[in-house]
Amino acid sequence: MTAEDIFNDPRQISGELRLKVLGLYHKANAGHIGCSLSCIDLMVAVLFLQKSADDTFILSKGHAAAALYACLNTLGEITDEELDTFYLDGTTLPAHPAPRQYKGIPFATGSLGHGLPIATGIAHAAKVSGEDTYSFALLSDGETNEGTTWEAAHYAIQNQLDNLIMIIDKNGLQGFGFTDQVLGETASVEKWNAIGFETIEIDGHDVASISMAIDELKTHKNGLPKAIIANTVKGKGVSYMENKLEWHYLPMNKDQYEQATLEVKERYFNELTNA
Amino acid sequence: MKKYTFTEKKDTRSGFGAGMHELGQQNPNVVALCADLVGSLKLEPFIKENPDRFIQCGISEANMIGLSAGLTIGGKIPFATTFANFATGRVYDQIRQSVAYSNKNVKICASHAGLTLGEDGATHQILEDLGMMKMLPGMTVINPCDYNQTKAATIAIADYEGPVYLRFGRPVIPVFTDADQKFEIGKAWMVNEGTDVSIFATGHMVWEAIQAGEMLEAEGINAEIINIHTIKPLDEEAILKSVEKTGCVVSAEEHNRIGGLGDSIAQVLVKHKLAPQEYVAVDDSFGESGTPAQLLEKYGLTAKHIVEAAKRAIARK
Chain A
1 MTAEDIFNDP RQISGELRLK VLGLYHKANA GHIGCSLSCI DLMVAVLFLQ KSADDTFILS
61 KGHAAAALYA CLNTLGEITD EELDTFYLDG TTLPAHPAPR QYKGIPFATG SLGHGLPIAT
121 GIAHAAKVSG EDTYSFALLS DGETNEGTTW EAAHYAIQNQ LDNLIMIIDK NGLQGFGFTD
181 QVLGETASVE KWNAIGFETI EIDGHDVASI SMAIDELKTH KNGLPKAIIA NTVKGKGVSY
241 MENKLEWHYL PMNKDQYEQA TLEVKERYFN ELTNA
Chain B
1 MKKYTFTEKK DTRSGFGAGM HELGQQNPNV VALCADLVGS LKLEPFIKEN PDRFIQCGIS
61 EANMIGLSAG LTIGGKIPFA TTFANFATGR VYDQIRQSVA YSNKNVKICA SHAGLTLGED
121 GATHQILEDL GMMKMLPGMT VINPCDYNQT KAATIAIADY EGPVYLRFGR PVIPVFTDAD
181 QKFEIGKAWM VNEGTDVSIF ATGHMVWEAI QAGEMLEAEG INAEIINIHT IKPLDEEAIL
241 KSVEKTGCVV SAEEHNRIGG LGDSIAQVLV KHKLAPQEYV AVDDSFGESG TPAQLLEKYG
301 LTAKHIVEAA KRAIARK
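First to last, the sequence lines map onto chains A and B. As numbered in the UniProt record's numbering, the first sequence has no gaps in its residue numbers, which increase by one up to the final residue, 275. As numbered in the UniProt record's numbering, the second sequence has no gaps in its residue numbers, which increase by one up to the final residue, 317.
Here it is as structure tokens:
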């Protein structure tokens with residue numbers, strides 16, 4: 001599938017990656033499904049359409065590891081055999097991304113609030129070295145609770161790191177509640193604009209729009225770091241998971257897995273179910 | 001017994017500043033970060049000559065560690081600097097995840113360690129940092145003993161690939177090591193050979209140990225004094241060789257007795273060569289406000305205390 005194919009009709013790859021994610025978590029009998037499904041279209045836009053070989057991508061919300069593994073598998077960096085070891089003893093693919101194994105996973109993430117500082121450092125290094133590259137960081141909206149996220153943000157503004165592109169997967173739910181009820185609205189367009197990021201709001205499941213928005217932001221070499229507030233749906237693609245807190249953690253039983261895969265096939269591949 | 005003399009006293013943090021100044025001229029990949037304590041870390045000469053390679057982080061130490069980790073992508077060698085308290089305990093998870101576990105070539109350089117920053121008191125003194133840092137897999141932990149050794153260590157760690165914690169301090173203390181010394185990470189330095197007791201000291205306590213050695217000699221006790229500037233990896237061979245000869249040990253450190261150099265040595269002894277050991281360290285306590293001299297006296301970290309510990313160790317043989 002070429003980048004042009006993906007851009008023109010991203011449903012195929014979005015569906016395939018979702019099936020991979022569901023398969024991984026079902027086989028592992030593990031959770032973090034909802035938060036992987038909310039950000040997978042953002043990762044399609046970044047990893048398949050936007051990121052050049054010299055750019056970097058940090059999945060700060062490391063609990064969406066399966067989404068990253070699925071993408072890196074499709075991109076050829078993680079083999080099918082390696083993917084089969086997800087969650088197993090001795091795996092290189094644990095529940096949260098482990099460093100030292102893959103070029104696409106340069107840092108340990110999953111302890112929240114570390115990704116933006118790291119990505120900011122990468123962006124700064126590129127500026128100092130005069131490299132024309134981009135540093136992408138994908139954060140959860142819950143991660144904007146973390147003070148380090150804001151420390152890094154102010155640093156990026158002060159140092160005019162317009163090569164830093166932060167994407168917030170704003171699915172509105174965090175560990176044990178709706179984000180607006182836990183610590184208020186820490187991932188709002190107004191706040192990120194107010195402190196000095198060039199901030200846009202997009203539909204985080206519209207791959208072509210996300211990619212075009214990044215294309216546009218890249219042309220703004222104005223000294224402003226970029227924030228993309230992506231409105232997403234936790235569990236996107238599986239009706240019974242959508243906007244449900246429990247699918248942050250729950251594993252699927254056999255019936256739920258079958259329903260989930262049928263729904264994804266129907267929604268993304270237009271395959272009619274026999275039901 | 002070799003006599004050590006000095007003509008001047010200097011702070012080890014200035015040794016760090018001098019090392020950074022030299023590194024700035026030698027190694028274009030070295031970048032310095034600081035959390036708004038430039039003067040305290042003696043970074044001015046580096047910044048003056050390399051303004052593009054200095055990164056002001058503001059008072060946000062956690063971000064400084066994350067930035068440092070990110071800066072390593074592409075080959076920069078970040079030296080992240082602040083007070084030891086804020087360079088370790090405050091940012092432990094950042095160091096653990098982004099530097100140690102991610103195995104990034106970050107140098108965490110920490111001044112004002114131990115009691116001897118003095119009057120600022122327990123909020124700014126840290127006596128747990130060696131323990132926290134040595135517990136991190138892959139972390140090298142270094143605590144040099146004077147200005148010259150700190151300068152040499154600063155230069156040496158730039159050539160070493162991997163995470164390092166370099167600890168130094170604020171008070172002026174005798175400069176007694178060679179100005180042109182070569183610093184070897186993980187290699188203990190034989191300060192004085194002896195036969196009756198092994199005194200293993202680190203950081204500011206090395207000079208106290210040298211004085212203790214002279215006091216012991218006056219009483220007919222022949223102490224071996226070894227500078228353990230690298231807490232991790234520990235020079236087990238040098239420790240065991242010395243203990244084989246002397247049969248008893250004193251460890252001396254400006255740190256909590258729990259989790260520091262003494263415990264690292266005790267592990268070696270338990271595994272390879274049982275021998276009585278006496279700790280000269282802070283007895284599981286926070287510090288307090290006072291002059292460095294007052295605090296070292298009150299918390300039992302002077303040459304006199306090392307002498308007493310040596311006698312106790314010998315008596316237990």
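All residues carry an ideal CB built from backbone N, CA and C; glycine is no exception.
- If you keep only unbroken beta strand (DSSP E) runs of at least 3 residues inside the region 86 to 120 of chain B, you get 107 to 111.
- Just measuring C-alpha positions, the residue of A:I6, A:D169 and A:T148 sitting nearest H63 of chain A is A:D169.
- Beyond the five residues adjoining it in sequence on each side, Q181 of chain B comes within less than 8 Å, by CB distance, of N148, Q149 and A152 in the same chain, given in chain order.
- Taking every protein chain shown into account, the CB of Y240 of chain A has fewer than 16 other CB atoms within 10 angstroms, so this residue is exposed.
- For I59 of chain B, the number of other beta carbons within 10 angstroms of its own is below 16, and it is reported as exposed.
- Minimum Cα-Cα distance from H154 of chain A among the listed residues A:D215, A:Y69, A:K191 and A:E77 corresponds to A:K191.
- Here the C-alpha atom of W207 of chain B lies approximately 58 Å from the C-alpha atom of D180 of chain A.
- Ranked by Cα distance from A275 of chain B, the first of B:D283, B:A281, B:V282 and B:G262 is B:G262.
- Annotation for L240 of chain B: V268, H272 and K273 place their beta carbon closer than 8 Å to its own, counting only its chain and skipping 5 residues before and after.
- By the criterion of a C-beta distance shorter than 7 Å, A28 of chain A is surrounded in its chain by F86 and Y87, once the five residues flanking it on both sides are discounted.
- Here V99 of chain B is buried: its Cβ has 16 or more other Cβ atoms, across all protein chains shown, within 10 Å.
- Look at A152 of chain A: its C-beta is under 9 Å from a C-beta on chain B.
- Listed by position along chain B, the residues whose Cβ is nearer than 7 Å to that of G121 of chain A are G66, L67, S68, A69, G70 and L71.
- Using a Cβ-Cβ cut-off of 9 Å, I195 of chain A does not count as an interface residue toward chain B, since no Cβ of chain B sits closer than that to its own.
- C39 of chain A carries a helical assignment under DSSP once its states are collapsed to helix, strand and coil.
- Interface with chain B (9 Å Cβ-Cβ cutoff): G175 of chain A is excluded.
- Among the residues facing chain B, F107 of chain A is included, as its CB has a counterpart in that chain under 9 Å away.
- By the CB criterion at 9 Å, A201 of chain B and E253 of chain B fall inside the cutoff.
- Secondary structure note for R13 of chain B: its alpha helix (DSSP H) is the uninterrupted segment T12 to Q26.
- Look at the region 40 to 56 of chain B: the residues with a C-beta under 9 Å from a C-beta of chain A are D52, R53, I55 and Q56.
- In the assembly as shown, P174 of chain B is a buried residue. Its beta-carbon has 16 or more other beta-carbons within 10 Å.
- At least one CB of chain B lies nearer than 9 Å to the CB of P99 of chain A.
- T230 of chain B is bridged by DSSP to B:I142.
- Contact annotation: the region 116 to 128 of chain A does not touch the region 80 to 99 of chain A, with fewer than three C-beta pairs closer than 8 Å.
- Here the alpha carbons of G237 of chain A and R18 of chain A stand approximately 8 Å from one another.
- Bounds of the alpha helix (DSSP H) holding A153 of chain B are Y147 to A158.
- T5 of chain B carries a coil assignment under DSSP once its states are collapsed to helix, strand and coil.
- Within chain A, P99 and R100 have C-beta atoms less than 8 Å from the C-beta of N103 of chain B, given in sequence order.
- By the neighbour-count criterion, in which 16 or more other beta carbons inside 10 Å mark a residue as buried, T149 of chain A falls on the buried side.
- Look at the beta carbons and you see the region 8 to 25 of chain B not touching the region 255 to 265 of chain A: under three pairs across the two are nearer than 8 Å.
- Nearest C-alpha to F57 of chain A among A:L139, A:T74 and A:H26: A:L139.
- B:A218 is the residue among B:T140, B:G259, B:Y4 and B:A218 whose C-alpha sits nearest the C-alpha of K304 of chain B.
- What N63 of chain B touches in chain A, judged by beta-carbon distance under 8 Å, is P117, T120, T148, E151, A152 and Y155, going in chain order.
- V197 of chain B is positioned such that its CB atom lies no closer than 9 Å to that of E161 of chain B.
- Distances from the CA of M1 of chain A to each of A:S52, A:Q50, A:T74 and A:T199 were compared; the closest alpha carbon is that of A:T74.
- If you draw a straight line from the Cα of F136 of chain A to the Cα of Q25 of chain B, it comes to about 33 Å.
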